[in-house]
Each structure stands twice: as structure tokens, then as C-alpha cells.
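Heads up, the thing below is written out as C-alpha cells.
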Amino acid sequence: MSCVRSLSSLLLLTALLFTSCHHRGDESPLLATVYGHELHESDLEGLVGAGVGTEDSTAIVASYVEQWIRQTVLLAKAEKNIVDNFDRQLNEYKNSLLIYAYEQKIVNQLLDTNVSDDQIAEYYEQHQEDFLLKSAIVKAVYVTAPVKSPAIAKLKKIIERRGFDEHDVVELEETATRHNLSGYYDADSWMPFYTLQSSIPITTYNENLYLKQNHTITLTDNDNTYMVRILDYKMSDETSPMELARDNIRSILLNNRKLDILNRLQSDLLNEAEKSDNVKRYIK
Numbered sequence: 594m595s596c597v598r599s600l601s602s603l604l605l606l607t608a609l610l611f612t613s614c615h616h617r618g619d620e621s622p623l624l625a626t627v628y629g630h631e632l633h634e635s636d637l638e639g640l641v642g643a644g645v646g647t648e649d650s651t652a653i654v655a656s657y658v659e660q661w662i663r664q665t666v667l668l669a670k671a672e673k674n675i676v677d678n679f680d681r682q683l684n685e686y687k688n689s690l691l692i693y694a695y696e697q698k699i700v701n702q703l704l705d706t707n708v709s710d711d712q713i714a715e716y717y718e719q720h721q722e723d724f725l726l727k728s729a730i731v732k733a734v735y736v737t738a739p740v741k742s743p744a745i746a747k748l749k750k751i752i753e754r755r756g757f758d759e760h761d762v763v764e765l766e767e768t769a770t771r772h773n774l775s776g777y778y779d780a781d782s783w784m785p786f787y788t789l790q791s792s793i794p795i796t797t798y799n800e801n802l803y804l805k806q807n808h809t810i811t812l813t814d815n816d817n818t819y820m821v822r823i824l825d826y827k828m829s830d831e832t833s834p835m836e837l838a839r840d841n842i843r844s845i846l847l848n849n850r851k852l853d854i855l856n857r858l859q860s861d862l863l864n865e866a867e868k869s870d871n872v873k874r875y876i877k
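Under my numbering, think of the first position of the sequence shown as 594, with each following residue one higher.
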């Protein structure tokens, strides 16, 4: 809340710096003057919120006035010493803001934000080269147990089963829970291989080769035994699974729709202006 109040005060102060010199006809009480710029009580309208006590209100106003004085002194000095003409830049900035606001209004009115699974799948199939993985990813489940845990033998037996499936994941989790052991059991979610390494002390200099050679992993250090089952993996430079690319594809499709709307808007407005003879070109 304090950040929002500070930002609001800063914006109000900035506006007053450019408008205070035009308040000479203001009959509300005068609070300060700097090199001909005037700050009146009416300029502070909205600065102090409802319900603020008298003492706090006085402090807020006093602090604001002091800020205004400091900034206006600096502005006056800058106006005398900076010879560049900023009118063009200010006009360009104003025009850019107006155009952006208008374009956003039109986009908000016309943009269809519904993106179907079929549209995502179609884009994915046509642009797979845009979704190459920069590092390996895995689907995996794992359990961490103290080295003396009586559950280790049972857990290893489950982890190393042939044809490991969702029933084995359930049994693995239930066994670990009974022994108060930590683990990860979301067998359907992809994770970067380095994320797995942050939980399991796997050391390798060739992650692609390591994943090819290790579908079950058991590691032990001084404190714990780590048991991992790699359910699936994709190596770096392979195409990312579509479920990982889904959100990115949706953003791309929506952005393409926005660009189409804006391009049509510009073309339609130009055609309308030309047909009404409001565009004249004098260059050869």
C-alpha cells in the first residue's frame, strides 16, 4: 500500500511541476512559490485520504510541499541550463501513448481468447523446431530414506520392478508414508534433469548418456539412501513434449491474433481516410 501511495504522490508531483506555473489565478491558499511557480492548496486535492488524522494529514502535506520545492528548484535550474528542445520528444511520447491506448481498446473488444487443444496441437506439429530442449527433462519418482531405515529393501524392490506402472507408484508412496519418509510421486509431470539432481545427489558430466544407461538409481551417502525410478526422459536438442510447450504456444497464438487485429485496424483506418480524401501525399 505504501508503494502505491508513493507512486501516486510521485505522479501527482510530476504533473504539478508542469502545471503549477499556470495557477496564478488560483484563489485557494498559497503553500509555496519557487522562481514564479506557485503551489496552491487546491493542487493537493486527493493527496490525503479520507479518515487520516489531522496530525498525519499535516505531516503528509508538509512532506509533499517540501518535495515539490526541491523538485521545482531542480526543474528551474534544468530549464536554464539545458538547451535541448524536448517538445518533439514529448509529442512523440504523447502520440505513442494515445495510439497504444486506442489499440489496446480495440484489441480488448475484438480478441478471441479461446484457444482450443486442436489449435495448439496444429501449431506444435508445424513448428516443432521452435521447441527444442536446451537441457534434458525427466519423468521420475523417488524416495529418500535414512540409511538405517527398515523400509529400504521394500522400497528398492518396488522401484526396480519390471513394467513399473501407476499401481507401483501408489504402493511406493504408501510404503514411504507409513515410514515417514519424504519423496516425490507425480509420475505424469516433466521436470528438468537438473531439478532432480537438486534433490538426489546424481553426478554426471554427460546427462544424455546417464539417462540412457540408468532407469533405476540407488545412491547412498553418510545419512540417506536415495531411490529413483526414471519413467521417461527427453534429451537436450529433442523436441519438447507438447504439454510443456502448451502455455507458450497459447501465448504465441494470442499474440498472432493481436497482430492480425492491429494490422487490419491500420489498413481499415488508412482505407477509410483515403476514401474520404483525408490523406494527401505530396512526395514523388
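Ideal placement from N, C-alpha and C gives every residue a C-beta, glycine not left out.
Could you check what DSSP says for N701 in three-state terms: helix, strand or coil?
helix
Shortest alpha-carbon distance to M820 belongs to which of V736, E715, I842, N841?
V736
Return the bridge partner residues of P739 from the DSSP annotation.
N817
When you compare the CB positions of L765 and I751, do they come within less than 8 Å of one another, or not?
yes
What first and last residue would you give for the beta strand (DSSP E) that runs through L623?
623 to 627
Just mark L691 as buried or exposed, buried being the case when its beta carbon has 16 or more other beta carbons within 10 Å.
exposed
DSSP three-state label for I730, please.
strand
Find the nearest neighbour of K805 within the set R843, Y826, I653, N815, judged by alpha-carbon distance.
Y826
What do you reckon, are the CB atoms on I842 and I713 nearer than 8 Å?
yes
Could you spell out the range, first to last residue, of the beta strand (DSSP E) harbouring L632?
630 to 633
Assuming contact is defined by CB atoms lying nearer than 8 Å, are T818 and I745 in contact in what I supplied?
yes
What is the rounded straight-line gap between the Cα of T813 and the Cα of Y693?
59 Å
Using C-beta distances below 7 Å, list every residue in its chain close to I854, excluding the 5 sequence neighbours before and after it, in chain order.
I699, V700, L703, L704
Which same chain residues end up closer than 7 Å to A625 when comparing Cβ atoms and leaving out the 5 residues on each side of it in sequence?
L632, V658, W661, I662
Tell me the rounded alpha-carbon separation between E722 and T832.
7 Å
For the candidate residues E685, T651, D636, H630, whose alpha-carbon lies nearest to that of E672?
H630
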